[in-house]
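Enquirer:
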Amino acid sequence: MAVIVQYTRKIVIVDSNAAPRGGSGIASSTVDTVYPSGTAVGQADLGTAVSQTVAGSGNVDFDARAALQLSTQTACNGAELAYLLIEVPSTASGNVTVKVAAANGLDILNGNTDGIVIRAGGSLELNFLNAVGPVMDASNRMINIANAGAFSVDVGITAAFRSA
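Under the working numbering, the first residue of the sequence shown carries the number 17, and numbering increases by one thereafter.
#1: When the Cα atoms are used, what is the spatial distance from T174 to S155?
#2: Could you give the distance in angstroms between the alpha-carbon of F144 and the alpha-carbon of G165?
#3: Leaving out five residues on either side along the sequence, give the residues of the same chain with a beta carbon under 6 Å from the beta carbon of R157.
#4: Thinking just about the alpha-carbon of each residue, which of S53, T64 and D153 is nearest to the one in E96?
#5: Is the distance from the Cβ of I102 to the Cβ of G172 below 9 Å?
#6: Ordered along the chain, which non-local residues of its own chain (more than five positions away) have a Cβ less than 8 Å from that of A83?
#7: What residues are listed by DSSP as bridge partners for D79?
#8: DSSP three-state call for Q135: helix, strand or coil?
#9: Taking just the CA atoms, how far does V76 sit from A117?
#10: In its own chain, which residues sit with a C-beta less than 6 Å from the C-beta of T16, not counting the 5 before and 5 after it?
#11: Where does the unbroken beta strand (DSSP E) through I124 begin, and where does it stop?
Structure follows, in structure tokens:
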């Protein structure tokens, strides 16, 4: 089974104060693209969607290469990250921080001390579908997810990869 990534996002911003200044008060951006199965820029051939449980006040290292493919339920073992979406449910009891793991970290941020905080109900999206993404191998595969909340949280992770 071939992996086909359909990427759809629509953002509309309405500013009721812009109209009196001569603007329409509306700005929008729409992206609706289908990326065919393949290993080149503009393509992806491996995909996963998983739920990762992170204990209250704990953290886990998510192994992106070991994530199971949707079609075969075998490890993705992607060679390049094409797309990553990490979603924190609105019911989370605290913030979640995403960063490069200390060991075998996937190069999505600048070093393993930098992190991006995702608040309850928020998400982090990294899109390399039209660009060269971070290289993935045995030494570059782990993403650290830390939960500042008192209770465990199931973080949603959706990713697309390119094989070698």
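Glycine included, every Cβ here is placed at the ideal spot set by N, Cα and C. Please read all numbers here as calculations on a predicted model, not as lab measurements.
Expert: This is what the structure holds:
#1: Here residue 174 corresponds to residue number 158 of the sequence shown, with the count starting at 1. Here residue 155 corresponds to residue number 139 of the sequence shown, with the count starting at 1. Spanning the two alpha carbons is a distance of roughly 21 Å.
#2: Residue numbering aside, residue 144 sits at position 128 when the sequence shown is read from its first letter. Residue numbering aside, residue 165 sits at position 149 when the sequence shown is read from its first letter. Whole-angstrom Cα-Cα distance: 30 Å.
#3: Reading the sequence shown from its first residue, position 141 is the one you call residue 157. Only D79, A80, R81, N120 and L122 meet the Cβ criterion.
#4: In the sequence shown, residue 96 corresponds to position 80, counting from 1. The residue among S53, T64 and D153 with its C-alpha nearest the C-alpha of E96 is D153.
#5: Stepping through the sequence shown from its first residue, residue 102 is reached at position 86. Stepping through the sequence shown from its first residue, residue 172 is reached at position 156. Between I102 and G172, the gap from beta carbon to beta carbon is short of 9 Å.
#6: The residue labelled residue 83 in the question sits at position 67 within the sequence shown. Contacts found: T64, V66, A91, C92, I173 and A175.
#7: Here residue 79 corresponds to residue number 63 of the sequence shown, with the count starting at 1. Here D79 is bridged, per DSSP, to M158.
#8: As a first step, residue 135 is located in the sequence shown; it is residue number 119 there, counting from the start. It is worth fixing the name first, because residue 135 is Arg in this sequence and not Gln. Here R135 sits in coil by DSSP.
#9: Reading the sequence shown from its first residue, position 101 is the one you call residue 117. Reading the sequence shown from its first residue, position 60 is the one you call residue 76. Roughly 9 Å separates the two Cα atoms.
#10: What the structure shows of the chain is the stretch from 17 to 180, and residue 16 is not part of that stretch, so it cannot be assessed.
#11: The count along the sequence shown starts at 1 and reaches residue 124 at position 108. Premise fails: I124 is in no beta strand (DSSP E) and is neither H nor E.
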